[in-house]
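Heads up: the sequence shown runs through residues 1 to 185, numbered per UniProt numbering.
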Amino acid sequence: MALLLPGTANQGTPRPAAATAVATRLTIDVVDYDSAGAIRFAGAGPAGAELRVYVDNGHVGGAQPDATGRWAMSPQNQPAPGLHRLRVDQLDPAGHVVARAEVPFQREVPTADPSPEQARYVVQPGNNLWRISRGVYGRGIRYTTIYQANRDQIRDPRLIYPGQVFALPDAPAAGTAPAATSRSR
1 MALLLPGTAN QGTPRPAAAT AVATRLTIDV VDYDSAGAIR FAGAGPAGAE LRVYVDNGHV
61 GGAQPDATGR WAMSPQNQPA PGLHRLRVDQ LDPAGHVVAR AEVPFQREVP TADPSPEQAR
121 YVVQPGNNLW RISRGVYGRG IRYTTIYQAN RDQIRDPRLI YPGQVFALPD APAAGTAPAA
181 TSRSR
């Protein structure tokens, strides 16, 4: 949707405002896995900027934000299971670091069929308890179940951090979905 800005004496007629915001700040928004288990990183940054991506201070690749400021990359060498640090550096034309974003993440070994007492969730960038609960239990309001089971790690349910590992009590068995009537709409 475009907004019309009123004209002024110098500008004449109204003109449309920019329809999409372009990222101006370097961020890491996603640490994700595809169905085969390959990891993918994504985020935002100034359009056309040169980015270098590191896992545990080892260079794993580069990326360049598109015209809207979004970037994504999948490293050829996948990190081993365990706790890692993802770092993205933005470089100026001379090759100097002008911005940096860094987050912890944990890579898990996929299990075939975890039992409810073994069900765990590793918090990734962009997660919150409501979204995790909606994905696991089918209802965001059940975030309190996760909060109560992990009070030793969560001081404020509005503030969770990438890399935290939460127990998921009463999680549905792998391969089953919550009842359709309990899904958020």
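All C-beta atoms, glycine included, are put in the ideal place defined by N, C-alpha and C. Just so we're clear, the structure is a prediction, and the values are computed from it rather than from any experiment.
Worksheet item: From which residue to which residue does the alpha helix (DSSP H) around GLN148 run?
Response: Locating residue 148 in the sequence shown gives position 148, counting from the first residue. Where GLN148 is concerned, the enclosing alpha helix (DSSP H) stretches over 143 to 149.
Discussion item. Restricting to runs no shorter than 3 residues, where is the beta strand (DSSP E) found entirely within the segment 35 to 104?
Written reply: Whole beta strand (DSSP E) segments, 3+ residues: 39 to 44, 50 to 55, 58 to 63, 70 to 73 and 82 to 91.
Worksheet item: Within this structure, are the beta carbons of GLY43 and THR68 separated by less than 8 Å?
Response: Within the sequence shown, numbered from 1, the residue matching residue 43 stands at position 43. Within the sequence shown, numbered from 1, the residue matching residue 68 stands at position 68. For the pair GLY43 and THR68, the CB atoms are not nearer than the 8 Å cut-off.
Item to complete: Grab me the residues of ALA38's own chain with a C-beta within less than 7 Å of its C-beta, minus the 5 sequence neighbours each way, in chain order.
Response: As a working mapping, residue 38 is identified with position 38 in the sequence shown. Correct list, in chain order: SER74 and GLN78.
Item to complete: Go through its chain and collect everything with a Cβ distance to ALA99's Cβ below 6 Å, but skip five positions before and after it.
Response: For the purposes of this step, residue 99 is taken as residue 99 along the sequence shown, with counting starting at 1. The beta carbon of ALA99 sits closer than 6 Å to those of LEU26 and GLN90, all from its chain and outside the five residues before and after it, given in chain order.
Discussion item. What would DSSP say about VAL31, mapped onto helix, strand or coil?
Written reply: Within the sequence shown, residue 31 is the residue found at index 31, counting from 1. In the three-state DSSP reduction, VAL31 falls in the strand class (E or B).
Item to complete: Assign THR145 to buried or exposed, taking buried as 16 or more other Cβ atoms, counted over all protein chains shown, within 10 Å of its Cβ.
Response: Taking the sequence shown and counting its residues from 1, the one referred to as residue 145 is at position 145. Here THR145 is buried. Its C-beta has 16 or more other C-beta atoms within 10 Å.
Practice prompt. Could you spell out where the alpha helix (DSSP H) holding TYR161 opens and where it closes?
Written response: Numbered from its first residue, the sequence shown carries residue 161 at position 161. Careful: TYR161 lies outside any alpha helix (DSSP H) and carries neither H nor E.
Item to complete: Just tell me which of VAL165, GLY45, ALA49 and ARG85 has its CA closest to the CA of GLN60.
Response: For the purposes of this step, residue 60 is taken as the residue at position 60 of the sequence shown. For the record, residue 60 in the displayed sequence is Val; it is not Gln. Checking every option, the nearest Cα to that of VAL60 belongs to ARG85.
Fill in: Residues near GLY126 in its chain [Cβ-Cβ closer than 6 Å; skip 5 each side]
Numbered from its first residue, the sequence shown carries residue 126 at position 126. So the qualifying residues of the chain are ASP29.
Worksheet item: Start and end of the beta strand (DSSP E) containing ARG139?
Response: Counting from 1 along the sequence shown, the entry for residue 139 is found at position 139. Premise fails: ARG139 is in no beta strand (DSSP E) and is neither H nor E.
Fill in: Backbone secondary structure at ARG155 - three-state DSSP
For the purposes of this step, residue 155 is taken as the residue at position 155 of the sequence shown. Correct three-state label for ARG155: coil.
Discussion item. Please report the distance separating the alpha-carbon of ILE160 from that of LEU168.
Written reply: By one-based count along the sequence shown, residue 160 stands at place 160. By one-based count along the sequence shown, residue 168 stands at place 168. One C-alpha to the other measures close to 15 Å.
Discussion item. Please list the terminal residues of the continuous beta strand (DSSP E) segment that includes GLY120.
Written reply: As a first step, residue 120 must be located in the sequence shown, where it is residue number 120. In the sequence as displayed, the identity of residue 120 is Arg instead of Gly. First-last of the beta strand (DSSP E) with ARG120: 120 to 122.
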